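Asker: One structure is given below, represented as C-alpha cells, and several questions about it will come after.
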Amino acid sequence: MHETDTPHGFLISTQEFVPATADEFERVLRAPGSIAAWNELELSGPAGSGVPLDVGDAMEFTVNVGPLSFDYVMIVAARTSGVSFIQRTTKGFVDVTIEYSWKTQGVGTLVTVDAMYRLTGPLWWKKPATRAVARKFVRTASRNMRDMFSPRRSGGRGNSTFPDTHGCR
Numbered sequence: 051m052h053e054t055d056t057p058h059g060f061l062i063s064t065q066e067f068v069p070a071t072a073d074e075f076e077r078v079l080r081a082p083g084s085i086a087a088w089n090e091l092e093l094s095g096p097a098g099s100g101v102p103l104d105v106g107d108a109m110e111f112t113v114n115v116g117p118l119s120f121d122y123v124m125i126v127a128a129r130t131s132g133v134s135f136i137q138r139t140t141k142g143f144v145d146v147t148i149e150y151s152w153k154t155q156g157v158g159t160l161v162t163v164d165a166m167y168r169l170t171g172p173l174w175w176k177k178p179a180t181r182a183v184a185r186k187f188v189r190t191a192s193r194n195m196r197d198m199f200s201p202r203r204s205g206g207r208g209n210s211t212f213p214d215t216h217g218c219r
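Numbering of the sequence shown is given in the working numbering, commencing with residue 51 and proceeding in unit increments.
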C-alpha cells in the first residue's frame, strides 16, 4: 500500500493479483454487489443489482464508522473496457474517487486500486482521522477482492463465495 498527500486530501494506492482473467475481473467489478461486498457495505440502490454498472450509473450506501453513519452516492464516472473503471462520490462526508485499473499478468490479473480522498471546506482538519479510516477500508476491500477470486483463500469456493444476489454470476 502506498500513500501520498494532496492539498486537502490524500491518495491511497494498492495492488492485488487476482487469479482470474482480465475479462472475468471486469465482469465481476461491474456488478454493484461485488463492490459492495468487497467494501462490506449494504447497498440501498440500485434496485437491479444484476445489471452491470456503466458510466452514469449510481450506487447508494451507508458507511458506518463507530457510532456514526454517513450516506453516500457513488457514480461510475468513466470506464475504458478492458483497462479501467472510475467511480466518484456525488454525496458523502468526503469526496472520493476510486480508479480500478488492471492488466493480464501471467495466469491472472494485476489490479491497481487508486483511492483519492478529498476533504472539502471546513473538514480539512479531519484529515488524520479520515486517513486512518480510509486506510482500513482500502486494505479490507483489496483483501476481499483478492479473496473472492482465490479458491485457496476462500476455502476452495473461488468466486462462488458471493451469491447471485451480488450480481457476480
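The beta-carbon is built from N, C-alpha and C at its ideal position, and this holds for glycine as well.
Keep in mind that this is a model prediction, so the values were computed, not measured.
To test your reading of the DSSP string, which unbroken alpha helix (DSSP H) runs of 4 or more residues are found completely within the segment 96-136?
Answerer: DSSP runs (the alpha helix (DSSP H)) wholly in the segment 96-136: none.
Asker: Could you compute how far the alpha carbon of A191 sits from the alpha carbon of I136?
Answerer: By 1-based counting over the sequence shown, the position of residue 191 is 141. By 1-based counting over the sequence shown, the position of residue 136 is 86. Looking at the two C-alpha atoms, the distance is approximately 16 Å.
Asker: Name, in chain order, the residues that DSSP records as bridge partners for F60.
Answerer: Residue numbering aside, residue 60 sits at position 10 when the sequence shown is read from its first letter. In DSSP, F60 forms a bridge with D55 and Y167.
Asker: Which residues bound the alpha helix (DSSP H) around W88?
Answerer: Residue 88 sits at position 38 when you count from the first residue of the sequence shown. Segment P82 to W88, the alpha helix (DSSP H) holding W88.
Asker: Within this structure, are the beta carbons of P102 and F199 separated by less than 7 Å?
Answerer: Numbered from 1 along the sequence shown, position 52 holds the residue referred to as residue 102. Numbered from 1 along the sequence shown, position 149 holds the residue referred to as residue 199. No, the Cβ-Cβ distance between P102 and F199 is not below 7 Å.
Asker: List the endpoints of the continuous beta strand (DSSP E) containing S192.
Answerer: Stepping through the sequence shown from its first residue, residue 192 is reached at position 142. Here S192 belongs to no beta strand (DSSP E); instead the alpha helix (DSSP H) covers K177 to F199.
Asker: Under the three-state reduction of DSSP, which class applies to E74: helix, strand or coil?
Answerer: Counting from 1 along the sequence shown, the entry for residue 74 is found at position 24. Helix at E74.
Asker: Helix or strand or just coil, what does DSSP make of P69?
Answerer: Translated into the one-based positions of the sequence shown, residue 69 becomes position 19. P69: coil per DSSP, three-state reduction.
Asker: Could you check where the beta strand (DSSP E) with W152 kicks off and where it finishes?
Answerer: Taking the sequence shown and counting its residues from 1, the one referred to as residue 152 is at position 102. Segment D145 to Q155, the beta strand (DSSP E) holding W152.
Asker: Have a look at S134, T139 and D145 and flag the residue whose alpha-carbon is nearest the alpha-carbon of W152.
Answerer: Reading the sequence shown from its first residue, position 102 is the one you call residue 152. Among S134, T139 and D145, the Cα nearest to that of W152 belongs to S134.
Asker: Where K177 and G158 are concerned, what is the direct C-alpha to C-alpha distance, given to the nearest angstrom?
Answerer: Here residue 177 refers to the residue found at position 127 when the sequence shown is read from its first residue. Here residue 158 refers to the residue found at position 108 when the sequence shown is read from its first residue. Between K177 and G158, the C-alpha separation is close to 36 Å.
Asker: How many whole angstroms separate the CB atoms of S84 and F111, which I take to be in contact at a CB cut-off of 8 Å?
Answerer: Start at 1 with the first residue of the sequence shown, and residue 84 comes out as number 34. Start at 1 with the first residue of the sequence shown, and residue 111 comes out as number 61. Going by Cβ atoms, the distance from S84 to F111 rounds to 13 Å, so no, they are not a contact pair.
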